[in-house]
Amino acid sequence: MATASLCSPASSFGTAGPQYQSLPAFLEQTGYKNPADNTHTAFQMAFHTDLDSFAWFAHNPTHLAHFNAYMALRRKPDATWLSVYPVAAEAAGWTAEEFLYVNIGGGVGHQCAQFREKYPTLPGRIVLQDLPHSVAQALPTPGVENMTHDMFEPQPVVGAKFYHLRAVLHNHPPHKVRRVLENIKAAMGPESVLLIDEMVFPEKGVSLNAASIDMTMLSAFASMERTETQWRQTFEDVGLELVRTYTYYPSSYESVMDVRLPRAA
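The sequence shown finishes on residue 267 if you use the numbering used here, and the numbering steps up by one all the way, no holes.
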């Protein structure tokens, strides 16, 4: 499905193509610096807009459909983080009254549904968080609480065991990534785990498909995919610690990173 979409002229040339074609001129204009403002990228130059890409796509549904199909390259792995991460062991002793799992920016709740299906008897509250238009369309998964929340605002669920972001941070420039992480950090308790579910690139030899997604992040979102070294530095910059990386789909570098508050010396 994703491959067919990439081969379609509408997707490749109508949506992804213009921003790539504008990238050389944009970089020359900006002194070949990585963009840091998601309203000033090759995307804006290509489509003659002042809107960030998310806002522009909202007004251009045909292009949005093409872009979503393109991004499906990395959103539908056969395995998920639940196949490699020791959820039950980490959550041992958690009670039904406590928050167990919070999926931030979780769309309509596919991650929450998968979590509940995998661990139907694990005690604790499960929460889906996203903006109103997504929460309004949330899946009717028993045992999942739907909560309207903007991740750039303070995190209202305090002391949860797991906070999970799936393919969220790579869509935002570094200063916005920092804000999201700081909001979650402020809500974390000593036993909390922040699960960052993203592509974790090798230091060299990245595949062509993965590299093309990285280029899309650069040209449309002023953002980037990261190596483990870059992710570690991103977490350390806000006072968090990368404890371990679990790779569950090696061919596309899909991994979940276990991130925590630093332990007292």
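C-beta: ideal position from N, C-alpha, C; glycine also.
Output the boundary residues of the alpha helix (DSSP H) element that contains residue i.
i	result
Ser214	Leu210 to Thr218
Tyr22	Gly19 to Gln31
Thr82	It is not in any alpha helix (DSSP H) - Thr82 carries neither H nor E in the DSSP assignment.
Tyr254	The identity of residue 254 in the sequence shown is Ser, whereas the question assumes Tyr. Premise fails: Ser254 is in no alpha helix (DSSP H) and is neither H nor E.
Lys120	His112 to Lys120
Gln46	Ala44 to Phe49
How should residue i be labelled, buried or exposed, when 16 other C-beta atoms within 10 angstroms of its C-beta is the threshold for buried?
i	result
Ser253	exposed
Gly16	exposed
Tyr165	buried
Phe203	buried
His135	exposed
Thr231	exposed
Gly33	exposed
Check whether the Cβ atoms of residue i and residue j sit closer than 8 Å, and answer yes or no.
i	j	result
Tyr103	Lys163	yes
Phe101	Val182	no
Ala48	Gln31	no
Thr143	Gly109	no
His174	Ser225	yes
Gly107	Met153	yes
Val146	Arg118	yes
Thr43	Ala222	yes
Leu133	Met149	no
Asn40	Asp54	yes
His172	Glu200	yes
Glu243	Arg262	yes
Val258	Tyr250	yes
Val195	Glu92	yes
Restricting to Cα atoms, I'd like to know which of the options is closest to residue i.
i	options	result
Arg246	Gln235, Asp260, Asp239 and Glu238	Asp260
Glu256	Arg228, Asp239 and Pro63	Arg228
Trp96	Ile128, Pro63, Gly207 and Glu119	Ile128
Gln113	Pro125, Pro20 and Leu197	Leu197
Tyr248	His68, Leu29, Gln131 and Ser85	Ser85
Gln116	Glu200, Gly161 and Ala81	Ala81
Gln157	Ser136, Gly191, Arg168 and Gly126	Gly191
Gly161	His42, Ala60, Ala188 and Glu147	Ala188
Glu99	Ala140, Leu124 and Pro37	Leu124
Glu205	Tyr121, Trp233 and Leu66	Trp233
Val240	Ala212, Val195 and Asn185	Asn185
Leu29	Leu141, Ala140 and Met217	Met217
First and last residue of the beta strand (DSSP E) that includes residue i?
i	result
Leu244	Glu243 to Tyr251
Leu183	Looking at the DSSP string, Leu183 is not in any beta strand (DSSP E); the run it does join, the alpha helix (DSSP H), is Pro176 to Ala189.
Could you please give me the residues that DSSP links to residue i through a beta bridge?
i	result
Val104	Val129 and Tyr165
Thr229	Phe203
Ser221	Answer is none; Ser221 lacks a bridge partner.
Asn148	Leu130
Asp260	Leu197 and Arg246
Would you say the beta carbon of residue i comes nearer than 7 Å to a heavy atom of the ligand SAM?
i	result
Asp260	Annotation note on the ligand SAM: not contained in the displayed structure, which lists no ligands.
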